[in-house]
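Visitor:
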Amino acid sequence: MILAAFGYAGAFCEDWKNRNIRNILARSSPKRYAVSKICVCALAGFVTYFVAYIVFALLAGLLAGGVWIGNPNYVMGDRGESIPIWDGCASDALLLAGNFPLWLVCRGVRHALEGSFFAVISLAISTLIPNELIVLTIPAITHFLLNFFPIKLSFLPIFRIDAIYENSAFYLFDSVWLHLLLELALTAAVCLLMGVLFYFGVQRRLERG
């Protein structure tokens, strides 16, 4: 999470510290400034996390020598034949079909969307606390809070951030594509909400000097 925020979440802190924000807004507007910052921050968080995940997965594959897709089991068919089944997750079907690149990309996109999720939250909060070191810790704190209370309250996985973005065994309706659509919609909604908060935060900072 910190790596995803490291890409661009501290952009406002830098603009504010250098007093460059007024020069930028002289050629633009607070609304355009907010939209551009949120979009770039979300993209930077996505790309940073995606590249990091792919590199990590490839290195892990070289060291481990394979990919675990669940425990193989067999059930008895109507004619007495053994039918292989597996207790893995929905994305394992891509591996069983021999499509390792697509499986890796789907897993990478799933985690990368989480990077965008937390990066834009950090950017929005940076208008309240324009300190780059604090901004980089916000994803870790937010991640803990968004998981701690739902787990303590025994929420369903669909309401838990760790299950939505990280749990390899949880897929909405056991469908990789529907789950990716859910993640994309959730991330887009958070980007929109954080964009609005960031806009008002910038306005507030400018009014108070």
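Our numbering puts the sequence shown at residues 832 to 1040.
Idealized CB from N, CA, C, for every residue including glycine.
For the alpha helix (DSSP H) containing Asn978, name the first residue and the last one.
Guide: Per DSSP, Asn978 belongs to the alpha helix (DSSP H) from 963-983.
Visitor: If we cut at 8 Å on Cβ distances, does Ile852 have a partner in chain C?
Guide: In the structure shown, chain C cannot be found, because there is only a single protein chain.
Visitor: Which first and last residues belong to the alpha helix (DSSP H) in which Tyr996 is found?
Guide: Here the alpha helix (DSSP H) through Tyr996 covers 992-996.
Visitor: If I follow the unbroken alpha helix (DSSP H) through Asp846, where does it start and stop?
Guide: Residues 842-848.
Visitor: Taking the C-alpha atoms as reference points, what is the distance between Gly946 and Glu845?
Guide: Their Cα atoms are separated by approximately 21 Å.
Visitor: Any idea what DSSP makes of Tyr1002, helix, strand or coil?
Guide: In this structure, Tyr1002 counts as coil in the three-state DSSP scheme.
Visitor: Is it buried or exposed, Ser953, if we count other Cβ atoms within 10 angstroms and call 16 or more buried?
Guide: With 16 or more Cβ atoms within 10 Å of its Cβ, Ser953 is classed as buried.
Visitor: How long is the line joining the alpha carbons of Trp934 and Ala891, rounded to whole angstroms?
Guide: Computed Cα separation, rounded: 15 Å.
Visitor: Quick one, which of Arg858, Pro981, Leu944, Val866 has its alpha-carbon nearest Tyr1030's?
Guide: With distances taken between Cα atoms, Tyr1030 lies closest to Val866.
Visitor: Straight-line CA distance for Cys872 to Leu927?
Guide: Each residue's Cα considered, the two are about 36 Å apart.
Visitor: Does the beta-carbon distance from Tyr864 to Leu856 come in below 8 Å?
Guide: Contact: yes.
Visitor: With a threshold of 16 other CB atoms inside 10 Å of the CB of Pro932, please say whether the residue is buried or exposed.
Guide: Classification for Pro932: exposed.
Visitor: Please return the same chain residues whose Cβ sits closer than 8 Å to the Cβ of Pro988, not counting the five positions on each side in sequence.
Guide: The residues are Ala994, Ile995, Asn998, Phe1001.
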